[in-house]
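**Q** Quick note on my numbering: the sequence shown kicks off at 62 and runs consecutively.
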Amino acid sequence: MTYIPQRTQFIGLLAADPDTTLLARGQWWINITDNSFRYFDGEHIAILGGHFTRKVELPVASIVLGPTNPPTSVDQDNLLMYKFTLNTDKLAFTIQEPYDYDETHGTGLYIHIIWTNDGGVDDNTKNVKWQITYQTGDDGEVISGTLGTLTVEDTYASASGWIMHTTAYMIIPHAHFHDAHELFILLQAITPGGVALSCEPHFIAIHLEYEATGWKQT
62 MTYIPQRTQF IGLLAADPDT TLLARGQWWI NITDNSFRYF DGEHIAILGG
112 HFTRKVELPV ASIVLGPTNP PTSVDQDNLL MYKFTLNTDK LAFTIQEPYD
162 YDETHGTGLY IHIIWTNDGG VDDNTKNVKW QITYQTGDDG EVISGTLGTL
212 TVEDTYASAS GWIMHTTAYM IIPHAHFHDA HELFILLQAI TPGGVALSCE
262 PHFIAIHLEY EATGWKQT
């Protein structure tokens, strides 16, 4: 936690943050580029206000398998993954609306899928396609049905096995995302447009990005 002593020194309205080697503990300023308050605690710069991109990762270990057509758990050198049968297996989970989501600057929730193959060496240039269907909900609202469907296709780019890949992003738009206390997601691997992997794709994690407001330590 950033410690703020009683003695502080305002050093001005600055377009860019100073090098920390030039700062003294207790100095603070206003960054006029993003209109945020900055403070130096002697080691780190704390950002109060403004906005920035927050990145959060949800590994498979944090997602419980459901009872209907779940993917298969795979343990590879202490890494837990879920193996998906195309167009069949389903992984359902819930994400809470981030408490620090910036409704002024945010355009939505950006989702990347982190995945790999089954360790085979014959999947170079072959493809996987991930699909997310989602619904949002709040207290007193019906949560059945689907609000939107997103897909992203990615190509395995190695002749070696167990190479980690991160897809391009899918975005749940701001209009669907803000002011929803819960986000319900169903993940599947479906038939790609290109040549499919020779194996079943292995899901490692979901990477989330969004515009956040509040406090950040650099």
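Quick reminder that beta carbons are idealized off the backbone N, C-alpha and C, glycines included.
Within 10 angstroms of its Cβ, does G167 collect 16 or more other Cβ (buried), or is it exposed?
**A** With 16 or more other Cβ atoms within 10 Å, it is buried.
**Q** Could you say which of E270, T197 and N96 lies nearest to L247 if we only look at CA atoms?
**A** Ranking the options by Cα distance to L247, first place goes to T197.
**Q** What three-state label does DSSP hand L354 in the structure shown?
**A** The shown model of the chain, from 62 to 279, leaves out residue 354, and the question about it has no answer.
**Q** With DSSP as the reference, identify every bridge partner of D238, one or two as the case may be.
**A** According to the sequence shown, residue 238 is Phe rather than Asp. DSSP lists no partner for F238.
**Q** Indicate whether G169 and P253 have their beta-carbon atoms separated by less than 7 Å.
**A** No, they are not a contact pair.
**Q** In whole angstroms, what separates the C-alpha of H263 from that of A236?
**A** Distance between the alpha carbons of H263 and A236 is about 31 Å.
**Q** Short of 6 Å in beta carbon distance, which residues of its chain neighbour A220, apart from the five on each side in sequence? Order them along the chain.
**A** Only V182 and N185 meet the Cβ criterion.
**Q** Report back the beta-carbon spacing between T69 and D161 to the nearest angstrom; my notes put them in contact at under 8 Å.
**A** With a Cβ gap of about 25 Å, T69 and D161 do not count as contacting.
**Q** How many whole angstroms separate the CB atoms of V189 and L258, which I take to be in contact at a CB cut-off of 8 Å?
**A** That pair is a contact at about 6 Å.
**Q** Could you give the first and the last residue of the continuous beta strand (DSSP E) run that contains H173?
**A** Unbroken beta strand (DSSP E) run through H173: G169 to T177.
**Q** So, does the region 126-135 touch the region 145-152, judging by three or more C-beta pairs under 8 Å?
**A** Yes: the two stretches touch, three or more of their Cβ pairs being nearer than 8 Å.
**Q** For L283, which residues in the same chain have their Cβ closer than 8 Å to its Cβ, ignoring the five residues on either side in sequence?
**A** Nothing about residue 283 can be reported from this structure: the residues present for the chain run from 62 to 279 only.
**Q** Tell whether a beta-carbon distance below 7 Å holds between E158 and A77.
**A** Taking 7 Å as the Cβ cut-off, E158 and A77 do not qualify as a contacting pair.
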